[in-house]
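2 protein chains.
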Amino acid sequence: MKNMSVKKKRNGPIMFPKATLERLKMYHALLQEEKSEYISSEEIARKLSIKPEQVRKDISYLDYSGKPKVGYHISSLVDALDELFGTKLRDNIIIIGAGHLGKALANYKGFVNFGIRVVAIFDNDPEKLGTYAGELVVLPLKDLDRVIRRFNVKIGTICVPGESAQKTVDLLIKKGIKAIWNFAPVILEVPENILVENMDIARSVLTLKHLLDRTPTGKIR
Amino acid sequence: MKNMSVKKKRNGPIMFPKATLERLKMYHALLQEEKSEYISSEEIARKLSIKPEQVRKDISYLDYSGKPKVGYHISSLVDALDELFGTKLRDNIIIIGAGHLGKALANYKGFVNFGIRVVAIFDNDPEKLGTYAGELVVLPLKDLDRVIRRFNVKIGTICVPGESAQKTVDLLIKKGIKAIWNFAPVILEVPENILVENMDIARSVLTLKHLLDRTPTGKIR
DNA sequence: TAGATTGTTAATCGATTAACAATC
DNA sequence: TAGATTGTTAATCGATTAACAATC
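Chains B and P supply the protein sequences, listed in that same order. Counting along the first sequence from 1, when you hit position 65 you're at 64 in our numbering, and nothing is skipped either side. Counting along the second sequence from 1, when you hit position 71 you're at 70 in our numbering, and nothing is skipped either side.
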């Protein structure tokens, strides 16, 4: 009776609605920037252009409670979100494809905030082999097996061109990778026990193009 | 009576549900790869792990019809999607921030397929000024005004660190930019007539981390 | 034509929002 | 305490799915 939401913890993992998960990531981004100690659902909502009820509902999925009359204790809420996303647990990831994007990711310093460490970058182009991406030397794909075992890698990042993405994914799965972070602009086919997160960077701009053509302000092209 | 869906074209722009727009982008990605002449809703659905009814419903929003008993004529459907997203109309965009990511985007050859041309990349770091990103020289932000007018730029790409993202955005809006493509890992505040598309690359991996911890396969960390 | 597949209407489901009780 | 804000239940809304009519 004290905390009814405990029941959600009972049988099996709770499934978060996809939209809720996306918003929880936005709260996570927003709260990292906040300097004050408490924040209300009203304020979060205003900054994200959503409804405060939505914020309260989303947060009710978490193993966390706010304080009536005061709001949400920011650092505790961030902790709850970190727990949800496992940002305090480190995952070693690998990058396949040492083009501009692959190297940019290998150089990104912010991954540490999300519990991610890039342990290797691969490419089969002889031109790229042996060159550096940040502190990592570009390795040939024959080293895949060794690296995946050694660092217990679960997540593989696809930064190869669209044409070679599928066969790269097939290889990674064969080598034991469980989740694919896909930056290639193609749809991948994977077994149903394999997770895929698509980050089709260039195609994401199409939403802006679409809306620019249909928004009063953007109408004038 | 011939084509009831014409009514959708009548009063003002049709609003596509956000989820539908996202799926239409996936169809766009999938169909580009298809070699055959026709494809069925069944096949599209299977490749995307969704329901065929969903596919038919989504496509019914478009100014396009399939052929009963045959399926969708792929190239015509791609045309309809290109029309929806305006990929045949060129938008000139600029990139602010000539770090690894900004330069990777400036070097990306695939934008032409989406009707995007990067016309300039900016940075105020004296170390970066004058260096090259692909064929573009890194310019100082004082040139912003001139470039935006000269190339009629509507979309600004934010590749600066989180700390400077908001003030960069404020500046762009003052200079007349109508849409922000945001790669900084922060929530931006903009007037309501300004469009924002968030591409929080690193944070997107949190979905995989979350699911890996909750999926039978991924459970063993 | 008969059969297969689209397109659309209606039913269902799930997510959002409103209302209000709980509470500090 | 009174008032403000959370948390939760119920109502509403919108999106998905099912069913089936249209059609090539």
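The beta-carbon is built from N, C-alpha and C at its ideal position, and this holds for glycine as well. Small disclaimer: the values here were computed from a predicted structure and weren't measured.
Starting from the beta carbon of residue i, find every residue of chain B whose beta carbon is closer than 9 angstroms, and list them in chain order.
i, result
"P/Y222", "A query on residue 222 of chain P cannot be resolved here, the shown segment of chain P reaching from 0 to 220 and no further."
"P/D62", "Correct list: empty, because the minimum Cβ distance to chain B is about 14 angstroms."
"P/V118", "Within 9 angstroms Cβ-Cβ: nothing; P/V118 doesn't reach chain B, min ~14 angstroms."
Identify, in the order they occur along the chain, each residue of the same chain with its Cβ nearer than 6 angstroms to the Cβ of residue i, setting aside the five sequence neighbours on each side.
i, result
"P/S163", "none"
"B/A44", "K50, P51 and V54"
"P/H27", "L80"
"P/M198", "F182"
Going along the chain, which residues of its own chain have a beta-carbon closer than 7 angstroms to the beta-carbon of residue i, five neighbours each way excluded?
i, result
"P/V136", "G129"
"B/D90", "G114, I115, K153 and I154"
"P/I200", "F182"
"B/K169", "Correcting the residue type first, residue 169 of chain B is Asp in the shown sequence and not Lys. Answer for B/D169: no residue qualifies."
"P/L187", "A164, Q165, V168, I179, N181 and V195"
"P/R202", "P184"
Kindly list, in the order they appear in chain B, the residues whose Cβ is closer than 7 angstroms to that of residue i.
i, result
"P/N106", "H99"
"P/K50", "Chain B residues near P/K50: none, gap ~15 angstroms exceeds 7 angstroms."
Please list, in chain order, the chain B residues whose beta carbon lies closer than 8 angstroms to that of residue i.
i, result
"P/E42", "Ordered by position in chain B, no residue passes the 8 angstroms Cβ test against P/E42, which lies about 12 angstroms from the chain."
"P/L211", "G85, D90, K153, I154, K177, A178 and L194"
"P/E188", "K46"
"P/R202", "K24, H27, A28 and F113"
Where does residue i fall in DSSP's three states?
i, result
"P/M0", "For P/M0, the pLDDT reaches just 28, beneath the cut-off of 50, and the residue's location in the model is therefore unreliable, although a value from the coordinates is still provided. Looking at P/M0 - three-state DSSP - the assignment turns out to be coil, as it is neither helix nor strand."
"P/V168", "helix"
"P/A183", "coil"
"P/D90", "strand"
"P/E36", "coil"
"P/V5", "Any reading at P/V5 must be qualified, since the residue scores a pLDDT of 31, below 50, and its modelled position is unreliable; the value itself is stated next. P/V5: helix per DSSP, three-state reduction."
"B/N197", "strand"
"B/G44", "Note on residue identity: the sequence assigns Ala, not Gly, to residue 44 of chain B. In this structure, B/A44 counts as helix in the three-state DSSP scheme."
"P/L128", "coil"
"B/K108", "coil"
"P/G85", "coil"
"P/R220", "Because P/R220 sits at a pLDDT of 46, beneath the cut-off of 50, its placement in the model cannot be relied upon, and the following sentence gives the value as read from the coordinates. Coil, per DSSP."
"B/K68", "coil"
"B/I120", "strand"
"P/T206", "helix"
"P/L214", "Contrary to the premise, residue 214 of chain P reads as Thr rather than Leu in this sequence. Three-state result, P/T214: coil."
"B/G155", "strand"
"P/L138", "strand"
"P/I257", "Here chain P comprises residues numbered 0 to 220, so residue 257 of chain P is not present and cannot be evaluated."
"B/F15", "coil"
"B/A103", "helix"
"P/A178", "strand"
"P/N10", "Per-residue confidence for P/N10 stands at a pLDDT of 42, beneath the threshold of 50, marking its modelled position as unreliable; the derived number appears in the next sentence. Coil, per DSSP."
"B/I115", "strand"
Listing by chain order, which chain P residues have their CB less than 9 angstroms from the CB of residue i?
i, result
"B/K127", "By Cβ distance, chain P contributes nothing, its closest Cβ being about 14 angstroms from B/K127, past 9 angstroms."
For residue i, go through chain P and note every residue whose CB falls closer than 7 angstroms to its CB, in chain order.
i, result
"B/P184", "A28 and G109"
"B/T214", "L194"
Could you work out which residues of chain P lie near residue i, taking near to mean beta carbons separated by less than 8 angstroms?
i, result
"B/V114", "Checking the sequence shown, residue 114 of chain B turns out to be Gly, not Val. By Cβ distance, chain P contributes K208."
"B/E134", "Ordered by position in chain P, no residue passes the 8 angstroms Cβ test against B/E134, which lies about 13 angstroms from the chain."
"B/D199", "K24 and A28"
For residue i, which residues of its own chain have a beta-carbon under 8 angstroms away from its beta-carbon, when the five flanking residues on both sides are left out?
i, result
"P/G85", "G114"
"P/K34", "none"
"P/N151", "N91"
(Q) For the segment 84-97 of chain P, list every residue whose C-beta sits within 8 angstroms of some C-beta in chain B, in sequence order. (A) Hits within the stretch, in order: F84, G85, T86, L88, D90 and I92.
(Q) Pairs of beta-carbons, one from the segment 137-144 of chain P and one from the segment 68-83 of chain P, closer than 8 angstroms: are there three or more? (A) Segments in contact, no.
Q: Please list the residues of the segment 154-178 of chain B that have a C-beta atom closer than 8 angstroms to any C-beta atom in chain P, keeping them in chain order.
A: If the cut-off is 8 angstroms between Cβ atoms, the segment 154-178 of chain B has I154, G161, K177 and A178 near chain P.
Q: Would you check if the segment 173-183 of chain P and the segment 109-116 of chain P touch, i.e. whether three or more CB-CB distances between them fall below 8 angstroms?
A: As far as the Cβ criterion goes, the segment 109-116 of chain P does not touch the segment 173-183 of chain P, which means the pair count is below three.
Q. When the Cβ atoms of the segment 203-210 of chain P are set against those of the segment 205-215 of chain B, are three or more pairs found closer than 8 angstroms?
A. With a cut-off of 8 angstroms on Cβ pairs, the segment 203-210 of chain P is not in contact with the segment 205-215 of chain B, counting fewer than three such pairs.
Q) Are the segment 89-108 of chain P and the segment 97-104 of chain B touching, with three or more C-beta to C-beta distances below 8 angstroms? A) Judged by Cβ distances under 8 angstroms, the segment 89-108 of chain P makes contact with the segment 97-104 of chain B, as three or more pairs qualify.
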